[in-house]
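Numbering (our numbering), first residue to last: 45 to 997.
All C-beta atoms, glycine included, are put in the ideal place defined by N, C-alpha and C.
Given the structure is predicted, the values throughout are model-derived calculations rather than measurements.
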Amino acid sequence: MKRDTTRKASARKANDTMPRKDGRAGEPTTARRGRPARAVAPWVRTRLRTAPGTAAAFALLVLVTAFLAAALPRTVDRYETEGLRHDIVTAPPRTSVLDITAAEPSGDVPPEARATVVAPERLTEKRTELLELLPAPLRFDLEQSAHGVRTTQRIPGLDPWLPKPSGLPPEFTLTTLPGLDRHTTVREGRLPTRAEAGRSSEVAVTRETAASLQLKVGSVVHIPERFAKEPLALTVVGIVEPRRPQGSYWSADPLLRTPVLASKVSGGGTYFYWQAGLLLPPPAATTLLASTGEPEVYWRFAADASELTAQDAPRLTAALASVSAGPDLVRIRATVGGTASASSGLDEIVEAYDAMRSAITPVVAVAAFGIGTVAAVVLAMTGGLFAARRAAELALLRARGGSLAGIGVRLLGETGVLALPTAALGLLLAALALPDARFLPALAAAATVGLLATLALPLRALFLHRRPLAHGGREDMADARPSQGRTIAELTVLVLAVGAVVALRRRGTGDSGDYLVSSAPVLVALIAALVLVRLYPLPLRWAARPARRLRGAVGFLSVARAGRSSATGALPLLALLVALSTAAFGGSVLSGVAEARDRAALLETGADARVTGNADLVPLTDGLVTAVRRTAGVTDVTTAQVEYDVELPSGTGRSPELKSTALLGVDPESYARLADRTGYGPFPPELLTSAAGQGSSGKRVLSAIASPAVAERLGTQPRDLAGAAGEFTVRIVAVRTNTPALPERDFLLVNGADLPRGEPTVLLATGPALDGTALRKAVRANSSDFSVVLRTERRAAYVDSPMQTGAERIYLAAIAAGAGYAVLALLLSLMQSAPERATLLARLRTMGLTRRQGRRLLGLEALPQALLAAAGGTLVGWATILLLAPGVDLVRLSLAAPPGVATLDSAPLRADAWSLVLPAASVVLLAALAAGLQAWWSARTGSIKELRAGDAR
45 MKRDTTRKAS
55 ARKANDTMPR
65 KDGRAGEPTT
75 ARRGRPARAV
85 APWVRTRLRT
95 APGTAAAFAL
105 LVLVTAFLAA
115 ALPRTVDRYE
125 TEGLRHDIVT
135 APPRTSVLDI
145 TAAEPSGDVP
155 PEARATVVAP
165 ERLTEKRTEL
175 LELLPAPLRF
185 DLEQSAHGVR
195 TTQRIPGLDP
205 WLPKPSGLPP
215 EFTLTTLPGL
225 DRHTTVREGR
235 LPTRAEAGRS
245 SEVAVTRETA
255 ASLQLKVGSV
265 VHIPERFAKE
275 PLALTVVGIV
285 EPRRPQGSYW
295 SADPLLRTPV
305 LASKVSGGGT
315 YFYWQAGLLL
325 PPPAATTLLA
335 STGEPEVYWR
345 FAADASELTA
355 QDAPRLTAAL
365 ASVSAGPDLV
375 RIRATVGGTA
385 SASSGLDEIV
395 EAYDAMRSAI
405 TPVVAVAAFG
415 IGTVAAVVLA
425 MTGGLFAARR
435 AAELALLRAR
445 GGSLAGIGVR
455 LLGETGVLAL
465 PTAALGLLLA
475 ALALPDARFL
485 PALAAAATVG
495 LLATLALPLR
505 ALFLHRRPLA
515 HGGREDMADA
525 RPSQGRTIAE
535 LTVLVLAVGA
545 VVALRRRGTG
555 DSGDYLVSSA
565 PVLVALIAAL
575 VLVRLYPLPL
585 RWAARPARRL
595 RGAVGFLSVA
605 RAGRSSATGA
615 LPLLALLVAL
625 STAAFGGSVL
635 SGVAEARDRA
645 ALLETGADAR
655 VTGNADLVPL
665 TDGLVTAVRR
675 TAGVTDVTTA
685 QVEYDVELPS
695 GTGRSPELKS
705 TALLGVDPES
715 YARLADRTGY
725 GPFPPELLTS
735 AAGQGSSGKR
745 VLSAIASPAV
755 AERLGTQPRD
765 LAGAAGEFTV
775 RIVAVRTNTP
785 ALPERDFLLV
795 NGADLPRGEP
805 TVLLATGPAL
815 DGTALRKAVR
825 ANSSDFSVVL
835 RTERRAAYVD
845 SPMQTGAERI
855 YLAAIAAGAG
865 YAVLALLLSL
875 MQSAPERATL
885 LARLRTMGLT
895 RRQGRRLLGL
905 EALPQALLAA
915 AGGTLVGWAT
925 ILLLAPGVDL
935 VRLSLAAPPG
945 VATLDSAPLR
955 ADAWSLVLPA
965 ASVVLLAALA
975 AGLQAWWSAR
985 TGSIKELRAG
995 DAR
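In structure tokens:
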């Protein structure tokens with residue numbers, strides 16, 4: 045009786061607390077009767093306390109994903125901004141300044157009015173007005189800017205004592221420079237201050253100018269005067285040294301600081317003469333007006349790139365166009381005169397920057413789309429895992445009357461309380477780690493991660509429990525076959541993906557802003573995932589039939605279970621395929637960049653080191669060759685006599701446009717080894733050591749290897765040639781497209797010992813561990829007429845833009861992140877079915893299955909899925925590279941120079957075998973390792989828990 049009373053009380057209590065249709069627990073009966081109810085713990089807090097480890101792991105996943113998502117756009121912003129600033133700062137100052145000029149006052153203007161026009165105070169006032177007119181985002185470094193009057197034509201010096209190398213007088217440019225006291229250090233004398241209008245002026249010169257033109261304090265330089273017979277007298281009162289010689293103040297017109305020994309050709313001869321600059325004080329502008337140098341007024345503004353961002357590039361281009369030939373030029377002319385003009389090389393710098401960014405952006409976007417897709421799939425898989433682990437709980441809530449809305453709100457609170465704060469924290473960490481970048485793109489990326497992580501579990505759970513489920517149904521692929529609606533949805537997605545790939549293939553990949561190009565790996569992976577998931581059971585069913593005849597049940601069970609496993613779904617397979625294809629594409633890009641740089645460096649040097657004379661045809665000495673051969677790290681040395689312009693006989697062959705070619709006289713044995721080692725035109729040395737017969741005059745005919753154009757011009761008959769190496773006869777015996785000493789030029793290669801005057805002029809040294817410092821020391825010790833070029837230094841010089849290094853870092857990070865998410869996707873897919881496998885293993889253990897057989901069973905069960913992902917990932921990666929290769933040229937990313945200017949004309953994208961195979965093999969290895977680890981852990985923990993009576997599993 046007492047037991048019945050207890051049962052009735054328990055039933056009444058359960059009915060009182062039964063969940064309502066909104067998913068919340070009903071109020072106790074005592075509360076309805078007005079009695080104080082016992083406080084019930086909040087749902088979210090209770091769930092988080094129940095599984096703190098799971099909650100912490102989920103929060104960590106969201107934190108890392110949000111950080112990566114927010115860091116990506118900020119990283120791109122930073123390296124694009126740094127690239128723009130770098131291009132402007134490192135450009136020659138003469139191209140980065142904005143030069144505004146106006147013609148001198150007309151000769152009809154009275155002298156007083158002319159003096160007023162070029163007065164220093166007026167020019168400074170006009171500069172202030174111009175600064176207010178120039179549009180944003182143009183910004184200038186006023187400290188390095190200058191204004192005044194300068195001559196546009198060089199003026200000859202009339203003094204006989206001035207140096208005249210070829211009998212020609214030196215020529216001077218005259219410039220008034222404000223602020224000489226801030227930009228110079230006086231070494232002798234003082235700074236110029238006085239000038240007499242139209243007659244004389246004090247001037248200053250730099251130390252280089254004084255040394256080259258034999259000037260000193262007190263020297264008087266006379267130049268022609270425009271309106272009088274008496275020359276203008278310019279007295280040197282100071283010799284100065286620039287404080288920042290590479291700044292725009294001095295280098296915008298390098299002649300101001302450094303004289304040049306120029307040359308001119310006249311009457312069949314070459315004549316040399318000096319060009320130099322003289323620095324006048326601002327009051328000496330009227331002296332310039334009296335000279336014959338066609339003076340002009342100028343305002344030179346040095347660019348300030350410190351505040352520019354990548355988003356300013358289009359506005360900067362528009363502003364420069366407006367200043368050069370647009371509305372702003374009209375305003376400038378209204379301010380300083382109708383003859384004013386503005387010019388700058390900044391537009392070309394920005395144009396080159398835009399070209400590089402357009403070439404790099406689609407390559408980087410492929411990595412961004414790939415890793416973004418993998419991260420999104422992993423977050424969705426996490427929600428699916430949580431929904432699967434709590435399927436019984438949610439099914440019970442639905443069976444007891446819980447509404448979809450009520451359950452959804454509670455699940456939304458569970459995930460939202462973890463995902464949203466951690467996403468915000470990831471955004472904050474990205475902002476702190478990567479300052480000076482736009483905030484809104486990072487905010488959008490982190491918010492997307494937080495929203496997806498919040499909705500993954502509720503949406504998955506509501507979809508699975510949209511109607512109450514019967515307990516105990518099977519969830520493998522043999523019973524839970526895809527519904528008709530799912531089939532239609534998959535076919536629709538498949539058709540759209542195939543159509544997008546076909547459209548991409550037909551129209552090409554030239555549009556850098558085309559998202560279809562960037563999503564190519566995702567599209568191909570989606571196609572492969574949908575097809576492979578559908579076709580996956582077929583070969584396993586075929587394999588299960590012969591497996592029945594094998595001894596033991598392990599083989600058959602593993603194949604049968606692999607074909608039924610729910611772990612082989614579209615989402616985990618899609619994550620693995622996209623991650624593997626992105627890793628393959630990224631690895632191929634990095635491999636192609638490294639290969640292009642190696643090839644370009646080798647094209648420039650021809651070997652690991654190249655020793656050449658500072659002038660053409662400087663012969664090598666025996667001591668120099670011996671010293672190089674003995675240098676540490678040098679394994680082989682070859683010499684060549686290089687003559688660049690040997691005239692070809694006229695009226696021969698089929699290439700009349702080819703007038704001359706380069707002649708190479710080499711040692712056949714050592715040069716053949718070098719050609720074979722570099723891969724540039726390898727040949728057997730016997731081709732050059734054997735004679736090609738005798739010519740019509742009885743002279744020995746030299747065997748020659750030629751480039752295709754030279755061979756076409758000379759034909760196969762003996763031809764007489766003459767050059768610095770003497771007169772000789774050659775006959776073409778072989779054709780090669782390139783050769784190490786001159787890989788990018790037409791050439792004629794002969795045995796140097798057979799030339800009448802054979803004197804090697806180029807030395808090519810080989811050695812993987814060549815010591816550049818020791819080599820230069822050995823060369824300098826023997827002769828100062830030779831210089832050394834190292835292949836490693838040339839290769840390092842190609843990486844000179846932050847955009848290159850930034851894009852490479854993104855790809856390295858993408859490969860690492862893709863590997864991490866691929867591992868996580870694989871583990872999540874295995875964890876989803878881990879309880880069921882543990883139960884099966886425990887039951888089989890009671891039937892006599894050994895621990896070794898259990899490990900084999902789980903390993904063989906996971907192997908087909910891993911092989912499917914590995915094979916599919918390799919195929920998808922190869923297909924992606926094949927699809928995008930026609931539109932991807934790595935020249936910009938490799939060499940930071942456009943095709944035609946760079947050493948290489950093209951650097952096509954090619955599939956890298958290691959990048960395809962290594963990630964795929966890692967997936968197989970990891971799957972086997974995870975299965976073995978689970979088998980070991982199951983054997984260690986025992987089977988009591990899995991075999992409890994009444995266990996729903």
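By the neighbour-count criterion, in which a residue is buried when 16 or more other Cβ atoms sit within 10 angstroms of its Cβ, Tyr-559 is exposed.
Gln-258 is classed as exposed because its beta carbon has fewer than 16 other beta carbons within 10 Å across all chains shown. Contact between Arg-789 and Ala-645 is absent: CB atoms are separated by about 17 Å, not below the 8 Å threshold. Check the Cα spacing between Lys-260 and each of Thr-805, Leu-167, Leu-440 and Leu-206: the tightest is with Leu-206.
Boundaries of the alpha helix (DSSP H) harbouring Phe-430: 390-433, taken from the DSSP string. Rounded to whole angstroms, the gap between the alpha carbons of Val-779 and Ala-750 is 5 Å. Excluding five sequence positions before and after Glu-338, the CB atoms of its chain that fall closer than 6 Å to its own CB belong to Thr-196 and Gln-197, given in chain order.
The way I'd put it, the stretch 525-544 doesn't touch the stretch 480-498; fewer than three beta-carbon pairs between them come closer than 8 Å. In the structure shown, Gln-319 adopts extended strand secondary structure according to DSSP, grouped into three states. Within the same chain, and ignoring the five residues on either side of Asp-829 in sequence, the residues whose Cβ sits closer than 6 Å to its Cβ are Gly-657, Asn-658 and Val-662. Under DSSP, Lys-308 takes part in a beta bridge, and its partners are Tyr-315.
In the assembly as shown, Gln-290 is an exposed residue. Its beta-carbon has fewer than 16 other beta-carbons within 10 Å. A Cβ-Cβ separation of about 5 Å places Leu-464 in contact with Gly-494 under the 8 Å criterion. Taken through DSSP and simplified to helix, strand or coil, Trp-343 comes out as strand.
Contact between the stretch 299-308 and the stretch 149-168 is absent: fewer than 3 CB-CB pairs across the two stretches fall below 8 Å. Beta bridge pairing from DSSP links His-130 with no other residue.
Beta-bridge partners of Thr-229 (DSSP): Glu-285. Proximity to Pro-209 across Ala-505, Thr-119 and Tyr-317 peaks at Tyr-317, based on C-alpha coordinates.
Under the DSSP assignment, Thr-94 falls in the alpha helix (DSSP H) whose first and last residues are 87-94. Its chain contains Thr-139 as the residues whose beta carbon lies nearer than 8 Å to that of Glu-392, once the 5 sequence neighbours on both sides are disregarded; these appear in chain order. Here Asp-356 is not near Asp-185, since their CB atoms are 7 Å or more apart.
In this chain, the beta strand (DSSP E) harbouring Asp-143 covers 142-147.
For the 7 Å CB-CB criterion, Gly-862 and Val-418 form a contact. Burial is judged here by how many other beta carbons sit within 10 angstroms of a residue's own beta carbon; Met-425 has at least 16 and is buried. Beta-carbon to beta-carbon, Ala-110 and Gly-470 are separated by about 3 Å, close enough to satisfy the 8 Å threshold. Spatial neighbours of Val-681 in its own chain (CB-CB distance under 8 Å, excluding positions within 5 residues in sequence) are listed in chain order as Val-669, Val-672, Arg-673, Ser-714, Leu-807, Leu-808, Ala-809 and Thr-810. Inter-residue distance for Val-380 and Ala-399 is about 35 Å (C-alpha atoms, whole angstroms). For Ala-750, no alpha helix (DSSP H) encloses it; the enclosing beta strand (DSSP E) starts and ends at 745-750.
In terms of Cα proximity to Glu-173, the closest of Arg-641, Ala-296, Leu-221 and Ala-378 is Ala-378. Beta-bridge partners of Pro-200 (DSSP): Glu-215. Where Val-655 is concerned, the enclosing beta strand (DSSP E) starts and stops at 653-657. Using a Cβ distance threshold of 7 Å, Ala-866 and Ala-628 do not count as a contacting pair. By the Cβ criterion, the stretch 113-122 is in contact with the stretch 474-487, since at least three pairs of Cβ atoms, one from each stretch, lie closer than 8 Å.
Taking the C-beta atoms as reference points, Val-833 is found nearer than 7 Å to Arg-654.
For Val-162, the three-state secondary structure derived from DSSP is coil.
Boundaries around Phe-507 are those of the alpha helix (DSSP H), 484-508, since no beta strand (DSSP E) includes it.
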